[in-house]
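In our numbering, the protein residues as written are 197 to 316. Using N, Cα and C, we set each Cβ at its ideal position, and we do this for glycine too. Encoded as structure tokens, the structure appears first; notes follow it.
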Amino acid sequence: MRSSISTVEKPVRRAKCRPAASGVMFPTGDPVGYSRVFTQSDDLEHVLQDDTWVHLAHRGQRMGAWLKAETIALAQSSVPVARFLHTSNAQSNAAIQSLNRRFGFRRTEVLREVQRGGRR
Numbered sequence: 197m198r199s200s201i202s203t204v205e206k207p208v209r210r211a212k213c214r215p216a217a218s219g220v221m222f223p224t225g226d227p228v229g230y231s232r233v234f235t236q237s238d239d240l241e242h243v244l245q246d247d248t249w250v251h252l253a254h255r256g257q258r259m260g261a262w263l264k265a266e267t268i269a270l271a272q273s274s275v276p277v278a279r280f281l282h283t284s285n286a287q288s289n290a291a292i293q294s295l296n297r298r299f300g301f302r303r304t305e306v307l308r309e310v311q312r313g314g315r316r
């Protein structure tokens with residue numbers, strides 16, 4: 197299986213952040229998954245690992261772990277001054293929570309969202 201990881205350097209002006217690294221795996225020419233890392237232009241010590249995703253047809257083969265590991269390695273080489281790597285996920289996503297724990301992530305805060313329903 198041949199695979200490819202690419203680095204992306206496109207600024208995101210509105211958010212004042214830029215992708216530091218993006219991983220995409222192509223075993224047969226079709227995209228299987230990706231994982232990204234973002235830096236804030238005014239705070240390179242804090243990096244956000246975001247969007248590790250694997251296509252449903254390829255889940256259960258440790259592709260997510262491979263993508264996350266490769267993307268974290270790219271972040272470390274792209275942003276050597278980074279001291280903190282942040283990630284987030286839904287509390288209902290047990291698979292990614294387990295994967296994050298294996299990579300040493302730990303819960304530091306919980307964001308609760310409330311949606312008001314119905315019309316007035």
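- Item | Segments assigned beta strand (DSSP E), at least 3 residues, entirely inside the region 240 to 309 | 280 to 282
- Task: Ignore the nearest five residues each way along the sequence and tell me which others in residue 286's own chain have a CB closer than 6 angstroms to its CB.
- Result: Indexing the sequence shown from 1 puts residue 286 at position 90. The answer is none, since no qualifying residue turns up.
- Task: Within 10 angstroms of the Cβ of residue 305, are there 16 or more other Cβ atoms? Answer buried if so, exposed if not.
- Result: In the sequence shown, counting from the first residue as 1, residue 305 sits at position 109. So residue 305 counts as exposed.
- Please state whether DSSP places residue 313 in a helix, a strand or coil. For this step, residue 313 is matched to residue 117 along the sequence shown. It is coil, neither helix nor strand.
- Kindly examine the ligand SAH and report whether one of its heavy atoms sits closer than 7 angstroms to the Cβ of residue 247. As presented, the structure is devoid of all ligands, the ligand SAH included, so that no description of it is given.
- Item | Inter-residue spacing [alpha-carbon to alpha-carbon] between residue 251 and residue 234 | Counted from its first residue, the sequence shown places residue 251 at position 55. Counted from its first residue, the sequence shown places residue 234 at position 38. The alpha-carbon atoms of residue 251 and residue 234 are separated by roughly 22 angstroms.
- Item | N-terminal and C-terminal residue of the beta strand (DSSP E) that residue 229 is part of | Your numbering for residue 229 matches position 33 in the sequence shown. Its beta strand (DSSP E) spans residues 229 to 236.
- Task: Could you round the C-beta distance between residue 317 and residue 240 to whole angstroms and report it? I think they count as a contact, below 8 angstroms.
- Result: Since the first residue of the chain shown is 197 and the last is 316, residue 317 is not available in this structure.
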